[in-house]
DNA sequence: GGCTGATATCCATGCCTGTCAATATTGATG
DNA sequence: CATCAATATTGACAGGCATGGATATCAGCC
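Protein chains in written order, with this note's numbering: chain B, 180 to 296; chain X, 180 to 296.
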């Protein structure tokens, strides 16, 4: 489902080199849209910066004044686009970021010399 | 309005170093949300990759099968978050990307060693 | 000043989404 | 098995957003 976008990015040139195809744009837009919410951005930040590179849902929930289902919803969105993975250990579920995914986006937005002047 | 997010990013560490504050997250989320649409993503790509680093609205409109007001709307969104600038020359309006803005996002998503393992 | 082409704004509409209450699921523990 | 804590799912609702038609603005031209 998202694999194609991932594929495209891994060997793809940055944004400016050639116009994005519609399919690639759809896949990428989903990932950016997932980051396009303040709560989700903070979640990624919290998880990425947490001890051991992982955080359990309770850690995240405590950082917001939002209902637990809301946090769960946001986690699902981030997981669906491949930005987070989850692993259950005992009663707790631990989330961690997918560094490759962030790296792809970072590379895509890296400004090539032609444009940067 | 968006200057604060810009400010924050310019000297800020990447996502994982410390949890994003709510205000920063709101500003950044707006930019990511602007990129969270396939049409807008392609627009940025087209403008960035266009001859001379700029494209007029007609160039962009021709690349889609969307009504002109729709393209105009997307351009406004991208401009409002600081990803594009526009300049009127004669009858045409030319848009260009703001490289610093892309660079900020790219840097923010760059994966630090702790997380990349 | 009128006319024409390029772009922006306004308005309406249908769809998407963030939020939460209620409920279900899952795992540990007694 | 009953219970409790942690997390996910469901359903509903309000606000937001992408789209396009109609219209306005703006620049060049006759």
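By construction, the Cβ of each residue, glycine as well, lies at the ideal position given by its N, Cα and C atoms.
Note that the structure is predicted; figures quoted are calculated from it, not measured.
Query: Nearest-angstrom Cα distance between residue 273/X and residue 227/X?; Result: 12 Å
Query: So, are the CB atoms of residue 171/X and residue 214/X less than 8 Å apart?; Result: Residue 171/X lies beyond the residue range present for chain X, which begins at 180 and ends at 296; the question has no answer from this structure.
Query: Name the DSSP beta bridge partners of residue 235/X, please?; Result: 273/X
Query: Please identify, using Cβ separations under 7 Å, the residues of the stretch 202-232 of chain X that lie next to chain B, in order along the chain.; Result: 204, 205, 207, 208, 211, 212, 214, 215, 216, 217, 220, 221, 223, 224, 225, 227, 228, 232
Query: Using three-state DSSP, classify residue 268/B as helix, strand or coil.; Result: strand
Query: Just checking: is the beta-carbon of residue 290/X within a distance shorter than 8 Å of some beta-carbon in chain B?; Result: yes
Query: Quick one: measure Cβ to Cβ for residue 301/X and residue 225/X, integer angstroms, because I've assumed they're closer than 8 Å.; Result: Chain X is shown from 180 up to 296; residue 301/X falls before or after that span and cannot be answered.
Query: Return the chain-ordered list of same chain residues with a C-beta closer than 6 Å to the C-beta of residue 189/X, the five sequence neighbours on each side being excluded.; Result: Confidence at residue 189/X is low in this model, with a pLDDT of 42, below 50, so the placement of that residue is unreliable and no value is reported for it.
Query: Closer than 7 Å by beta-carbon distance: list the chain X residues that pair up with residue 282/B, in chain order.; Result: 290
Query: State the beta-bridge partners of residue 263/X as determined by DSSP.; Result: 276/X
Query: Look up residue 220/X in the DSSP assignment and say whether it is helix, strand or coil.; Result: helix
Query: Can you give me the start and stop residues for the alpha helix (DSSP H) that residue 214/B sits inside?; Result: 201-214
Query: If you count every other CB in all the chains shown that lies within 10 Å of the CB of residue 245/B, and 16 or more means buried, which is it?; Result: exposed
Query: According to DSSP, is residue 248/X helix, strand or coil?; Result: helix
Query: With a CB to CB cut of under 8 Å and the five nearest residues on each side skipped, what residues in its chain are close to residue 237/X?; Result: 271
Query: Can the beta-carbon of residue 210/B be found less than 8 Å from the beta-carbon of residue 263/B?; Result: no
Query: At a CB-CB cut-off below 9 Å, which residues of chain B make contact with residue 194/X?; Result: 220, 223, 224, 227, 228, 276, 281
Query: Alpha carbon to alpha carbon, how far is residue 231/B from residue 253/B?; Result: 21 Å
Query: Within 10 angstroms of the Cβ of residue 206/X, are there 16 or more other Cβ atoms? Answer buried if so, exposed if not.; Result: buried
Query: Applying a beta-carbon distance threshold of less than 8 Å, which residues of chain X neighbour residue 198/B?; Result: 221, 224, 225, 228, 242
Query: I need the DSSP call for residue 195/B, collapsed to helix, strand or coil.; Result: coil
Query: How about residue 251/X: is its C-beta nearer than 8 Å to some C-beta of chain B?; Result: no
Query: Among 277/X, 269/X, 248/X, 266/X, whose alpha-carbon lies nearest the alpha-carbon of residue 260/X?; Result: 277/X
Query: In chain order, what residues of the same chain have a beta carbon less than 8 Å from the beta carbon of residue 258/B, not counting five sequence neighbours either side?; Result: 264, 265, 274
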